[in-house]
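Residue numbers (our numbering): 50 to 178.
Scroll down for the structure; my scribbles are underneath it.
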């Protein structure tokens with residue numbers, strides 16, 4: 050079981066990284082990461098945390114895996130929109146903190162399975178569909 054990657058990063062010669070059967074994924078302190086990779090194929094993913102990634106502007110267009118039950122997005126100051134969430138029928142907890150450029154929730158709404166929703170320090174969030 051891999052619990053973390055080396056702080057100095059992966060080798061620059063690495064051209065492919067494949068992750069399978071991963072129930073928890075923490076993406077933290079990735080100061081150069083501008084977009085997330087496609088995650089939809091991670092069908093075992095239950096919890097996704099995106100933490101202090103200052104250059105991320107958007108989430109994957111393909112959406113997130115339907116197996117996701119917990120999504121925490123923290124301190125991503127350039128993130129402008131959330132991914133589609135309605136198809137996440139297992140999602141029970143959504144926490145968004147410190148994403149000042151998010152202006153609206155996903156147009157199609159939130160999944161009915163959601164039991165915890167916490168939004169803090171998102172001052173531009175004015176549209177709730």
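C-beta: ideal position from N, C-alpha, C; glycine also.
This structure is a prediction, so every number in the text was calculated from the model and none was measured.
DSSP three-state call for residue i: helix, strand or coil?
i, result
"residue 140", "coil"
"residue 167", "strand"
"residue 68", "coil"
"residue 145", "strand"
"residue 115", "coil"
"residue 84", "strand"
"residue 62", "coil"
"residue 107", "strand"
Cβ atoms of residue j and residue i: under 8 Å apart, would you say?
i, j, result
"residue 71", "residue 107", "no"
"residue 128", "residue 150", "yes"
"residue 162", "residue 139", "yes"
"residue 22", "residue 147", "Outside the displayed range of the chain (50 to 178) lies residue 22, so it cannot be described from this structure."
"residue 97", "residue 120", "yes"
"residue 174", "residue 152", "yes"
"residue 134", "residue 160", "yes"
"residue 85", "residue 105", "yes"
Which residue marks the beginning of the beta strand (DSSP E) containing residue i, and which one marks its end?
i, result
"residue 98", "96-100"
"residue 91", "Run containing residue 91: none; DSSP gives neither H nor E here."
"residue 77", "73-77"
"residue 151", "From DSSP, residue 151 is part of no beta strand (DSSP E); its letter is neither H nor E."
"residue 122", "119-123"
Rounded to the nearest angstrom, how far is the Cβ of residue i from that of residue j, given a contact under 8 Å?
i, j, result
"residue 136", "residue 112", "6 Å"
"residue 95", "residue 109", "No, residue 95 and residue 109 are not in contact; Cβ-Cβ is about 17 Å, not under 8 Å."
"residue 103", "residue 80", "6 Å"
"residue 76", "residue 100", "7 Å"
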